[in-house]
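Going by this note's numbering, 508 is the number at position 254 of the sequence shown; the sequence numbering is gapless. In this text, a Cβ means the ideal position worked out from N, Cα and C, and glycines have one as well.
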Amino acid sequence: MARVVASARLPAPVAEILGPEHQLIEPERELPRDQLLAHLRDARGLISLLTVAVDDELLSAAPELLVVANYAVGYDNVDVAAATARGIAVCNTPDVLTEATADLAFALLLAAARRLGEGDRLVRSLSWDGWFPDQLLGQPVAGKTLGIIGLGRIGQAVARRAQGFAMPLVYSGPRPVAAAASLGAEHASLDEVCARADFISIHCPLTDATHHLIDEPVLAAMKPTAVLVNTARGAIVDEAALVRVLARGHLGGVGLDVYERE
Numbered sequence: 255m256a257r258v259v260a261s262a263r264l265p266a267p268v269a270e271i272l273g274p275e276h277q278l279i280e281p282e283r284e285l286p287r288d289q290l291l292a293h294l295r296d297a298r299g300l301i302s303l304l305t306v307a308v309d310d311e312l313l314s315a316a317p318e319l320l321v322v323a324n325y326a327v328g329y330d331n332v333d334v335a336a337a338t339a340r341g342i343a344v345c346n347t348p349d350v351l352t353e354a355t356a357d358l359a360f361a362l363l364l365a366a367a368r369r370l371g372e373g374d375r376l377v378r379s380l381s382w383d384g385w386f387p388d389q390l391l392g393q394p395v396a397g398k399t400l401g402i403i404g405l406g407r408i409g410q411a412v413a414r415r416a417q418g419f420a421m422p423l424v425y426s427g428p429r430p431v432a433a434a435a436s437l438g439a440e441h442a443s444l445d446e447v448c449a450r451a452d453f454i455s456i457h458c459p460l461t462d463a464t465h466h467l468i469d470e471p472v473l474a475a476m477k478p479t480a481v482l483v484n485t486a487r488g489a490i491v492d493e494a495a496l497v498r499v500l501a502r503g504h505l506g507g508v509g510l511d512v513y514e515r516e
């Protein structure tokens with residue numbers, strides 16, 4: 255019976271899919287590093303979360319390992335070259351979260367634009383003492399320009415949602431995307447996206463080239479009322495620079511599902 259180690263408890267269907275020919279080892283909580291390495295000594299498979307660094311140390315501790323199934327779309331936590339050198343297959347889940355992530359990105363965009371979080375905190379703190387005309391005025395979304403950084407699966411799904419709000423679309427990326435024409439999205443440089451967009455949503459992968467892609471000069475180049483949304487990887491945005499820019503009163507809002515150290 256082949257042993258498969260999960261770095262944290264997974265939904266029940268995972269064990270059902272693996273079937274009786276596999277022994278699934280899964281903890282109630284995410285395993286400490288030393289315990290995970292101990293479990294991997296005779297494991298054939300690893301199901302890893304993004305928080306697990308699948309690096310040379312881990313792979314060296316798992317001489318029987320045949321496959322790493324990363325429980326995510328991204329795989330920046332996996333040293334793919336080191337795994338490949340050992341004959342270990344690396345898998346991810348590229349289509350599973352496309353629609354869910356696009357929903358969340360647009361929910362964050364709307365929440366930041368209409369200041370829903372501030373309103374919720376005001377009521378919960380028992381500080382709300384009635385409505386007045388300029389209370390928590392947000393900004394409109396319909397008809398405003400949406401900039402998408404990375405027009406892949408999720409970026410395209412966000413673009414489809416933006417069509418319902420009649421938003422002009424502009425996107426950046428290393429090259430034009432064939433699907434952009436049907437979405438009415440215009441390819442432009444990152445600088446141009448920042449200059450034109452009222453809302454900017456990040457959907458590129460985290461690589462050496464995109465680490466801190468959104469740094470202080472890029473943030474400063476955005477409109478002072480722009481709303482920035484990140485549902486990709488936290489380290490694409492220079493978090494310290496973002497804090498400084500917000501402290502200066504630049505940007506109309508930010509919606510984050512991710513942090514630089516997740």
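**Item:** Test item: CB-CB of threonine 439 and glutamate 353 under 9 Å
**Value:** In the sequence under discussion, the amino acid at residue 439 is alanine, which differs from the threonine named in the question. Inclusion of alanine 439 and glutamate 353 in the CB contact set at 9 Å is not warranted, their separation being larger than that value.
**Request:** Output yes or no for whether 9 Å exceeds the beta carbon distance between alanine 260 and leucine 300.
**Result:** yes
**Request:** Determine the extent of the alpha helix (DSSP H) in which isoleucine 271 is found, giving its start and end residues.
**Result:** 267-272
**Request:** Using a threshold of 9 Å, state whether the C-beta atoms of isoleucine 490 and leucine 460 are closer than that.
**Result:** yes
**Prompt:** Can you tell which of Leu358, Val424, Ala420 and Asp445 has the C-alpha that lies nearest to the C-alpha of valine 512?
**Reply:** When C-alpha distances from valine 512 are compared across Leu358, Val424, Ala420 and Asp445, the shortest belongs to Leu358.
**Message:** Do glutamate 493 and glutamate 520 count as a contact pair if the criterion is CB distance below 9 Å?
**Reply:** Residue numbering for the chain in the displayed model covers 255 to 516; residue 520 lies beyond these limits and cannot be assessed.
**Asked** Is it buried or exposed for alanine 367, if we count other Cβ within 10 angstroms and need 16 for buried?
**Response** buried
**Prompt:** Thinking C-alpha only, which one of Arg263, Met476, Ala337 and His466 is nearest aspartate 517?
**Reply:** Given that the chain is displayed from residue 255 to residue 516, the structure contains no residue 517 and the question cannot be resolved.
**Message:** Just to confirm the assignment: which complete beta strand (DSSP E) runs, minimum length 3, are found wholly within the segment 380-430?
**Reply:** 400-403 and 423-426
**Request:** Could you tell me which residues DSSP pairs with arginine 257 in its beta bridges?
**Result:** Gln277
**Message:** Could you tell me the alpha carbon to alpha carbon distance between aspartate 374 and tryptophan 385, rounded to whole angstroms?
**Reply:** 14 Å
**Asked** Taking the alpha-carbon positions, what's the arginine 369 to leucine 272 distance?
**Response** 44 Å
**Request:** Could you have a look at leucine 304 and say whether DSSP puts it in helix, strand or coil?
**Result:** coil
**Asked** Expressed to the nearest angstrom, what Euclidean distance is found between the alpha-carbon atoms of arginine 298 and glutamate 270?
**Response** Approximately 18 Å between the Cα atoms of the pair.
**Residue interval of the alpha helix (DSSP H) (run including glutamate 493)** = 493-501
**Message:** Here's a check: name, in chain order, each residue in its chain whose Cβ is nearer than 8 Å to the Cβ of histidine 504, leaving out the five neighbours to either side.
**Reply:** Leu473, Ala474, Met476 and Pro478
**Given glutamine 277 as reference, the closest of His293, Arg283 and Arg257 once Cα atoms are compared** = Arg257
**Asked** When the Cα atoms are used, what is the spatial distance from glycine 392 to alanine 480?
**Response** 12 Å
**Message:** Looking only at its chain, what residues have a beta carbon closer than 6 Å to the beta carbon of alanine 433, apart from the 5 residues adjacent to it on each side?
**Reply:** So the qualifying residues of the chain are Gln410.
**Asked** glutamate 470: beta carbon under 8 Å from a heavy atom of the ligand FAD?
**Response** Questions concerning the ligand FAD fall outside what the structure shown contains, since it holds no ligand whatsoever.
**Asked** With a Cβ-Cβ cutoff of 9 Å, do leucine 313 and arginine 295 count as a contact?
**Response** no
**Message:** Judging by CA-CA distance, which residue of Leu291, Ala396 and Ala413 is the nearest neighbour of threonine 355?
**Reply:** Ranking Leu291, Ala396 and Ala413 by CA distance to the CA of threonine 355 puts Ala413 first.
**Request:** Locate the beta strand (DSSP E) running through glycine 507, then write down its first and last residues.
**Result:** 507-510
**Request:** Mind checking which residues open and close the beta strand (DSSP E) that includes cysteine 345?
**Result:** 343-345 is the span of the beta strand (DSSP E), which, as asked, contains cysteine 345.
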